[in-house]
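Numbering (the numbering used here), first residue to last: 31 to 239.
Put into structure tokens, the structure is as follows:
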């Protein structure tokens, strides 16, 4: 998928690899994420819109207009089909949750700063957010209460990038301060929730459990 004001789907293993074009956003597309079952695609734009698309249509099946800034951060829950989290930019600062099966907005939380990335744990019902102006922090949240499990600091500029390790325990973050930082934030698949949060340092990694 690619896009400026629109998204385009391509199949690169066939000669005619362009398959469809999705038009809807009025400004640049800055977030894209497929649902785990492949039946829905979420797109966020600099027009503050969040759209849900079906692979069988070129028009959005759902349109959410609640954010008041660009929607770059998008993440589907691996624990509940149709549960989507999205994060807004500096003028919005909110993480919002949606049930795309019923088209219902769910709860939201004001994080106090720009939301740059979101990622659900695959081992436990928690998610991590990274932030820009004004706090440049990383926050681990417990869903659905949205209580803070931990706030991780160290980056001095916007935390622009987030990736999770294959075992679902460690995240790596990259920021405008030219550093990568590794954090042990989630339990492993065999120890769901049986460890209490703590701040430890082991071989350059910060851990909260």
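For each residue, glycine too, the CB sits at the ideal point set by N, CA and C.
The DSSP-derived three-state label of residue 66 is coil. Secondary structure remark: continuous beta strand (DSSP E) runs of at least 3 residues inside the region 111-190, in chain order: 113-118, 124-129, 134-140, 145-150, 156-161, 168-172, 177-182.
Residue 212: member of the beta strand (DSSP E) spanning 210-214, first to last residue. Residue 91 carries a coil assignment under DSSP once its states are collapsed to helix, strand and coil. With fewer than 16 neighbouring CB atoms inside 10 Å of its own CB, residue 58 falls in the exposed class. If you compare the alpha carbons of 147, 65, 127 with that of residue 173, the shortest gap goes to 127. Put simply, the region 174-184 does not touch the region 85-92. Fewer than three CB pairs are less than 8 Å apart. Membership of residue 205 in the beta strand (DSSP E) is indicated by the continuous run 200-205. Contact between residue 159 and residue 198 does not hold, since the beta-carbon distance rounds to 16 Å and is not under 8 Å. Excluding residues up to 5 positions away in sequence, 202, 203, 204 lie with their Cβ nearer than 8 Å to the Cβ of residue 210 in the same chain. With a threshold of 16 other beta carbon atoms within 10 Å, residue 216 meets it and is buried.
Exposure of residue 163 is indicated by the presence of fewer than 16 other C-beta atoms within 10 angstroms of its C-beta. Looking only at 196, 207, 78, the smallest Cα-Cα distance to residue 188 is reached by 207. Its chain contains 78, 118, 121, 122 as the residues whose beta carbon lies nearer than 7 Å to that of residue 98, once the 5 sequence neighbours on both sides are disregarded; these appear in chain order. By the beta-carbon neighbour count (other beta carbons within 10 angstroms, threshold 16), residue 103 is buried. The Cβ atoms of residue 71 and residue 80 lie no closer than 8 Å to each other.
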